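Note sheet for the following structure.
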Amino acid sequence: MNLTSQPAPHIRVAQTTRGVMWDAIIALSFLYIIATYYHGPRAIALGLFSVLVCASLDGLTTLVVGGRPNLRDFSATVTGLILPMMMPVSVPYHIVAIAGAFAILVAKAPFGGVGHNVFNPAAAGFSFVVFTFGNALFTYPPPDMQFPVFGLIPEFTAPISPAFVMMVGGTPGHDVFNMILGRFPGPMGATNILVLIACLLYLSFRGTVRWPAPLSFFATVALIAFFFPRGQATGWSSVGFELATGLLLFGGIFLMGDPVTTPKREIAKIAFGVSLGVVVMLFRHFGHMEEQITYALLLLNAAVWSFDMVGEWLASKIRRKRFASRSRKDQAVSKKA
Amino acid sequence: MPMFSKGIVLAQHKEPALSRPILRFVNPMMDNQQLDLTRLAVQNEQEAIIEVARLAQIVDERDGKPLYKVLHKALNKTDIVIADGVDDEPYVSSRLAPLLALRTEVADGIELCCRVGGCKKSAIMVYKMITDTETRIPRSIEKIKVTKIRGGYPANAGARLRQFGPGKKLVVGAGALIHLARAVYKAKKQTSAFVTVAGNCVTNPMNIEVSVGMTVMQVLERCGLTEEPTRIVCGGSMTGISVIDPDKTLVTYTTKAILAVRENKGDMHYACIGCGVCERDCPAGLNPMYIYRFVQTSYFANLEPFDAHLCIGCGTCSYICPSKLEVAANVLAAKEYALSHFDPAGEGESDE
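Respectively, the protein sequence lines represent chains A and B. The first sequence begins at 6 in the numbering used here and counts up by one. The second sequence begins at 37 in the numbering used here and counts up by one.
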């Protein structure tokens, strides 16, 4: 009988890390279905290409540092699926490849690979291509225009996106119902408000994303938008436009839902969401960028450890008070021994 | 949003062991040992019961303490006697099954404890979250009310006693009560323990009364093995010890279960992704993820604010980990280090 000695417990929960990643992939695939419906098969081709780049680079870097690439590790796949969703469907393939390469080679691998990265890889990759290829990234095609998988991208007159209108101080003239259905120019994954809300519900019911973090983020953004509207918008319409435009909903769900680069304790998660909301709104009011959430997220990623330590300090105050008698007993036992 | 978790819900897997009759698998030489109760140097009935418990060498199977010491402490100072039948770990039913099968002996034991403690009130507590049983747990056993303890795993010891009201409580395990009744009315020494034998390699999962000192392998062979197990566990499924040499490991008074498991370990090469479920479900409010990281990287000095000394060793963090890491073992290592190296602040003897 070949028995091995293993520490307790001897039963394990059925959920695996692969399952957590699969949840994110399933949620993202709904966005791809809608994007393919609006823009043709190019959307899905961009996603597959990006996944190929990210996953192969992730495996390569693991080989370079002397590890064995894990085929069951889907974290690079999720990064690869998130990246094209933040871009317009007309984006050339080489930009997607550069974004994926930056995400894996600069933001993920040098820190120690999966689970150790300080900055969100997808946010870092996107931020990098924004200031190198900004023009191509912010030229959004009309919402119902079909694109071929390969070959020349057909010419189109780019409609002005509501995010741009908000940035220059105007009020978007888009119909609210069309905006909810995703019929307005914008990144191909971030415009389908209904699908995004369904994704958030799915992920939080599955327990992959814990709801306090995105909810506190959206609430903070809504609160600031209500009291300090940009341009001519007032009150509730300002709340709606601020939440619906740009990558705000998408980032709150998929970028902030990344467990590696967000705080762990619930109270720290809420504080993180609130500060992210404040920083995003500060960027929106005083910055000159069309997309702010990735920069705000990268800025706050560096402070995740501080958020966690403050949460830990609060929790230790409470638990030391509550479980003090137990620890005294343990100390007495260890002193005797 | 609660600050600290109240435990997790586990699938209990207590069947079919729980509804099968309890088998006796005892060494006759040991089982026939009779106590000599003719010359007890005692003044009254209460001292006689305590003396018999001492002579019969009865051990409370919950914590391994001799029963006579527990009874002596509770002498005439008890308000309520509680029989403990709470099996909150999956697969284990070695307290509940004797409680249901040997009702008269349990009731006799409770009655004896009531006499020692000088009280009339008594109760039986069982775990409520068992949904897969075939035998129904009755409302009362021999006219003693059965109280069901709610909550996930681990069933909190302090909180579960609060619902019996104020006053001094004498909590005794179901097995110890049965052995006390046998010692007093049949003059029998305690030489056996109630053990659950289960796991996916066991042919006949059941609760079995085993003589103390038998080897784990003998017990497993009595119940039958369908295939070679890769892991044999002595104790509960969440807190037990994994045994390498079942031929030389003996059943003790506190062995609650023997589990023989064959498992597929193909899926277990993930890194920690920091999902934080261990922190969400830790009943002591710790952050096992950071403790695990610091132990793995040997930064023991950083462990101080994480209060590893408060760990209760329930194993929830390892159970819930989606990456299947050995979190609990690392947290216990950190606890050992913290208890010997740190003096946690604000825990002087002032508020004793």
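Backbone N, C-alpha and C define an ideal beta-carbon position, used for all residues, glycine too. Quick caveat: nothing in here was measured; it's all calculated off a predicted structure.
Check whether chain C comes within 9 Å of residue i, counting only Cβ atoms and requiring the distance to be less than that.
i	result
B:P282	Given the protein chain composition of this structure (A and B), no chain C is represented.
Can you pull the chain A neighbours of residue i, defined as C-beta to C-beta under 7 Å?
i	result
B:L286	Ordered by position in chain A, no residue passes the 7 Å Cβ test against B:L286, which lies about 16 Å from the chain.
B:C311	V25 and P264
B:L295	H15
Starting from the beta carbon of residue i, find every residue of chain B whose beta carbon is closer than 7 Å, and list them in chain order.
i	result
A:E317	N323, P341 and F342
A:P12	E362, A364 and A365
Check the DSSP bridge columns for residue i and list the partner residues they point to.
i	result
B:K181	B:S176
B:Y189	B:I44
B:K224	B:Q70
B:V238	B:L261
B:S247	B:S228
B:A159	B:I118
B:C270	B:I277 and B:I294
B:R198	According to DSSP, B:R198 bridges with nothing at all.
B:L286	B:T251
B:P102	B:V95
B:R60	B:E245
B:L206	B:V117
B:V233	B:M242 and B:I294
Going along chain B in order, which residues have a C-beta closer than 9 Å to the C-beta of residue i?
i	result
A:R211	What A:R211 touches in chain B: nothing, since even the nearest Cβ is about 12 Å away.
A:H293	Those within 9 Å of A:H293 in chain B number zero; the least Cβ separation is about 34 Å.
A:H179	Result: empty, since nearest Cβ-Cβ is about 36 Å, beyond 9 Å.
When the cut-off is 9 Å and only beta carbons count, does residue i lie next to chain B?
i	result
A:Q20	yes
A:G118	yes
A:I323	yes
A:L281	no
A:A344	The shown model of chain A, from 6 to 342, leaves out residue 344 of chain A, and the question about it has no answer.
A:S80	yes
A:V25	yes
A:A320	yes
A:F343	Since the first and last residues shown for chain A are 6 and 342, residue 343 of chain A lies out of range.
A:N75	yes
A:D313	yes
A:R47	no
A:R215	yes
In chain A, which residues lie less than 9 Å from residue i when you measure between Cβ atoms?
i	result
B:S334	The contacting residues do not exist; B:S334 stays about 16 Å from chain A at best.
B:E141	Per Cβ cutoff of 9 Å: no residues; B:E141 is ~31 Å from chain A at best.
B:M274	A13, P14, H15 and I16
B:S278	L8, T9, S10, Q11, P12, A13 and H15
B:F40	A320, I323, R324 and R327
With 9 Å set as the bound, which would you pick, yes or no: does the beta-carbon of residue i sit closer than that to a beta-carbon of chain A?
i	result
B:S130	no
B:C259	no
B:R267	yes
B:T232	no
B:R316	yes
B:K50	no
B:L368	yes
B:F330	no
B:A320	yes
B:Y326	yes
B:G121	no
B:G271	yes
B:L107	no
B:L54	no
B:L46	yes
What residues from chain A crowd round residue i, counting only those whose CB sits closer than 8 Å?
i	result
B:C308	G120
B:P126	I16
Which whole-angstrom value is the C-beta distance of residue i and residue j, which I expect to be below 8 Å?
i	j	result
B:I185	B:V122	6 Å
A:Y300	A:S132	6 Å
B:V246	B:V231	5 Å
A:A218	A:F277	6 Å
A:L208	A:A60	The pair is not a contact, with the Cβ atoms about 22 Å apart (cut-off 8 Å).
B:L136	B:L216	Not quite, the Cβ-Cβ distance comes to about 18 Å (not below 8 Å), so this is no contact.
B:G351	B:T275	6 Å
Please list the partners that residue i has in chain B, where partner means a Cβ-to-Cβ separation under 8 Å.
i	result
A:N7	E264 and T266
May I ask you to list, following chain order, the residues of the stretch 255-275 of chain A that have a beta carbon less than 7 Å from some beta carbon of chain B? P264, V265, K269, R270 and E271
Give me the subset of the stretch 348-365 of chain B whose CB atoms are less than 7 Å from a CB atom of chain A, sorted by chain position. G351, S354, Y355, I356, P358, S359, K360, E362, A364 and A365
Could you please tell me which residues of the stretch 190-219 of chain B, in chain order, have their CB closer than 7 Å to any CB of chain A? none
Would you list, in chain order, the members of the stretch 234-248 of chain B that have their beta-carbon closer than 8 Å to a beta-carbon of chain A? none
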